[in-house]
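These notes are about the structure you will find just below.
In the working numbering, the protein residues as written are 5 to 318.
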């Protein structure tokens, strides 16, 4: 099912009046290897329903992204309120609900034909910006209730999150390009415009450092995918490497972080989360980068071998 095709309609006639009823198309199924249980069973089905409800309205995908950012900030504000454990539970509920909205902006873009790199950039800016505000709010809370020295952990965790999230997302996005042809910011034929261009370039620069070998694999892919048959072969090879290419440590993803922060707040302090993110998750990051480098070399080798075989067969 292509979610960007025109919305289906059914027509029913009753006397002289003709009414049209929108029929929701089946939810487009994302590749199973990219999904965890929360995404496949809860977040993405709800995101699709929300996007379908918004499709006939003037609401744009960027508006949905901004609303999602507001939800994250609201979660941070609630987390800082007295009234434990109820405020911690409410903050966690708001933060979990953000994942539904975060998926709805992309679904709405596909339903309405508004997909593009600029929307991806706005979505990323909203995600990073809103969570930066949450960290600042929780840092202020720690300053008031624990010690100003806690800012060291807050800043360390915030910088760590930027690096860790970039690594995790770049691994997933480049896999989707190699395996399914889904374009993203790194492809030269996808222009980036607007006030966030510099940040998008910084995102790509950081991703190149944290996803070693990715650009070399892009080049090997391009050498193989010179015609439809070569493209299909390259994508099949990439899908065969899915287990090797995709981050094995889902704890680096946003779903896990939301739950970890909520657990820390229920335990009484966000400091537990910040220390875990700055220490434990950085150890996981280093292991993931080392693995990703080897996975990229293996995929590049298989692309090169397939290219050699293709040339020899001509």
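We put the beta carbon where it would ideally sit given N, CA and C, even for glycine.
Point to revise | Buried or exposed by the 16-neighbour rule on C-beta atoms within 10 Å, applied to residue 62 | key: For the purposes of this step, residue 62 is taken as residue 58 along the chain shown, with counting starting at 1. By the 10 Å Cβ count, residue 62 comes out exposed.
Among the candidates 136, 218, 163, 183, whose CA atom is the shortest distance from the CA of residue 190?
Numbered from its first residue, the chain shown carries residue 190 at position 186. The residue with the shortest Cα to Cα distance from residue 190 is 218.
Residue nearest to residue 310 in terms of C-alpha spacing, selected from 258, 241, 70: As a working note, residue 310 is residue 306 in the chain shown. When only C-alpha atoms are compared, the closest one is 241.
Practice task
Just the C-alpha distance for residue 304 and residue 220, rounded to the nearest angstrom, thanks.
Solution key: Locating residue 304 in the chain shown gives position 300, where the first residue counts as 1. Locating residue 220 in the chain shown gives position 216, where the first residue counts as 1. The straight-line gap from Cα to Cα measures roughly 7 Å.
From this set, 60, 142, 49, which residue's C-alpha is nearest residue 159's C-alpha?
Residue mapping note: residue 159 aligns to position 155 of the chain shown, counting from 1. Comparing Cα positions, the closest option is 142.
Note to self: For residue 18, count the other beta carbons within 10 Å of its own beta carbon; 16 or more makes it buried, fewer makes it exposed. Which is it?
What the structure shows: Counted from its first residue, the chain shown places residue 18 at position 14. No answer about residue 18 holds up, because its pLDDT of 45 lies below 50 and its placement is not dependable.
### Query
Given that a residue counts as buried once 16 or more other Cβ atoms are within 10 Å of its Cβ, and exposed if not, what is residue 201?
Taking the first residue of the chain shown as 1, we reach residue 201 at position 197. Residue 201 should be labelled exposed.
Three-state class that DSSP yields for residue 190 in the structure shown: Indexing the chain shown from 1 puts residue 190 at position 186. Secondary structure of residue 190 (DSSP, three-state): coil.
Taking buried to mean at least 16 other C-beta atoms within 10 Å of its own C-beta, is residue 14 buried or exposed? Residue numbering aside, residue 14 sits at position 10 when the chain shown is read from its first letter. Residue placement at residue 14 cannot be trusted, given a pLDDT of 36 that sits under 50; the coordinates are not used to answer.
Check: Is the region 178-190 touching the region 41-57 in the sense that three or more CB pairs, one from each, lie closer than 8 Å?
Finding: Under the three-pair Cβ rule at 8 Å, the region 41-57 does not count as touching the region 178-190.
Presumed contact (8 Å Cβ cut-off) between residue 137 and residue 80, rounded CB distance: Against the chain shown, residue 137 aligns to sequence position 133. Against the chain shown, residue 80 aligns to sequence position 76. Separation of the CB atoms of residue 137 and residue 80 is rounded to 6 Å, and the pair is thereby assigned contact status at 8 Å.
Terminal residues of the alpha helix (DSSP H) in which residue 154 lies:
In the chain shown, counting from the first residue as 1, residue 154 sits at position 150. The continuous alpha helix (DSSP H) containing residue 154 extends over residues 154-184.
Expected contact under 8 Å - CB spacing of residue 285 and residue 256 to nearest Å: Residue mapping note: residue 285 aligns to position 281 of the chain shown, counting from 1. Residue mapping note: residue 256 aligns to position 252 of the chain shown, counting from 1. Taking the Cβ atoms as the reference, residue 285 lies roughly 6 Å from residue 256, within the contact range of under 8 Å.
Check: Using a Cβ-Cβ cut-off of 6 Å (strictly less than) and excluding sequence neighbours within five positions of residue 279, which residues of its own chain qualify?
Finding: Here the question's residue 279 lines up with position 275 in the chain shown. Excluding sequence neighbours, residue 279 sits near 157.
Does any residue of chain B bring its CB to less than 8 Å from the CB of residue 189?
The chain inventory of the structure shown lacks chain B, comprising one protein chain alone.
Between which two residues does the alpha helix (DSSP H) containing residue 242 stretch?
For this step, residue 242 is matched to residue 238 along the chain shown. Run containing residue 242: 232-244, per the alpha helix (DSSP H) assignment.
- Task: Inspect the beta-carbon positions of residue 161 and residue 282 and report whether they are closer than 8 Å.
- Result: Residue mapping note: residue 161 aligns to position 157 of the chain shown, counting from 1. Residue mapping note: residue 282 aligns to position 278 of the chain shown, counting from 1. Yes, they are a contact pair.
Practice item. Can you say whether residue 102 is buried or exposed, counting buried as having 16 or more other CB atoms within 10 angstroms of its CB? Key: Taking the first residue of the chain shown as 1, we reach residue 102 at position 98. With 16 or more Cβ atoms within 10 Å of its Cβ, residue 102 is classed as buried.
**Request:** Measure the alpha-carbon distance for residue 265 versus residue 54 and round it to whole angstroms.
**Result:** Numbered from its first residue, the chain shown carries residue 265 at position 261. Numbered from its first residue, the chain shown carries residue 54 at position 50. Cα to Cα, residue 265 sits roughly 26 Å from residue 54.
Exercise. Measure the Cβ-Cβ separation of residue 68 and residue 131 and say whether it is below 8 Å.
Key: As a first step, residue 68 is located in the chain shown; it is residue number 64 there, counting from the start. As a first step, residue 131 is located in the chain shown; it is residue number 127 there, counting from the start. Cβ atoms of residue 68 and residue 131: not closer than 8 Å.
Around the Cβ of residue 37, are there at least 16 other Cβ atoms within 10 angstroms (buried) or fewer (exposed)?
On the chain shown, position 33 is the one that residue 37 refers to. It is exposed - the Cβ of residue 37 has fewer than 16 other Cβ atoms within 10 Å.
> Beta-carbon separation of residue 249 and residue 237 under 8 Å?
Replying inline: Position 245 of the chain shown, counting from 1, holds the residue named residue 249. Position 233 of the chain shown, counting from 1, holds the residue named residue 237. Contact flag unset, no.
Review point. Once you ignore the five residues that flank residue 224 on each side, which residues in its own chain have a CB closer than 6 Å to its CB?
Key: Counted from its first residue, the chain shown places residue 224 at position 220. Cβ within range, chain order: 304, 307, 308.
- Item | residue 113 and residue 123 closer than 8 Å at C-beta | Sequence index remark: in the chain shown, residue 113 carries index 109 (1-based). Sequence index remark: in the chain shown, residue 123 carries index 119 (1-based). Yes, the Cβ-Cβ distance between residue 113 and residue 123 is below 8 Å.
- Query: Where do the ends of the alpha helix (DSSP H) carrying residue 59 lie?
  - Reply: The residue labelled residue 59 in the question sits at position 55 within the chain shown. Run containing residue 59: none; DSSP gives neither H nor E here.
Given a cut-off of 8 Å on the beta-carbon distance, is the pair residue 289 and residue 167 in contact? By one-based count along the chain shown, residue 289 stands at place 285. By one-based count along the chain shown, residue 167 stands at place 163. Going by C-beta atoms, residue 289 is nearer than 8 Å to residue 167.
message = My parser needs the alpha helix (DSSP H) runs of 4 or more residues fully inside the region 67-125; what are they?
response = Counting only runs of 4 or more, we get 90-115.
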